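>
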Amino acid sequence: MTPEEKAAYLVTQSTAAFIELMSMLAANHERRSHGYADAFGETEIRALIGKYDLNYGTVGAFLIRH
């Protein structure tokens, strides 16, 4: 991959994770407004890091490799 392709990959992965995070938070907000418990907890939200392979080690290694 070229440096530009690597950057594009990381941007798309982080954007996808952000979109999913916002939908999870919106679902929680909606449920709270109706008096229900959250649909998504910290465990599910933190799992997005692994799902989209955005942990510190992976991202750092991806950017440093030539």
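Numbered per full-length UniProt numbering, the sequence shown spans residues 1 to 66. By construction, the Cβ of each residue, glycine as well, lies at the ideal position given by its N, Cα and C atoms. None of the values given here were measured: they were computed from a predicted structure.
#1: When DSSP labels each residue in this structure, what does Thr15 get in the three-state scheme?
#2: For Tyr52, count neighbouring C-beta atoms within 10 Å of its own C-beta (all shown protein chains included) and say buried if the count is 16 or more, exposed if not.
#3: Residues in the same chain with beta-carbon distance under 6 Å from Ile19, minus the five sequence neighbours each way, listed in chain order, please.
#4: With the cut-off set at 9 Å, would you say Met24 and Glu44 are in Cβ contact?
#5: For the putative contact between Phe40 and Asn28, defined by C-beta atoms under 8 Å, what is the C-beta separation to the nearest angstrom?
Based on what the coordinates show:
#1: In the three-state reduction of the DSSP assignment, Thr15 falls in the helix class, which pools H, G and I.
#2: buried
#3: none
#4: yes
#5: Their Cβ separation, rounded to whole angstroms, is 6 Å, which keeps Phe40 and Asn28 in contact under 8 Å.
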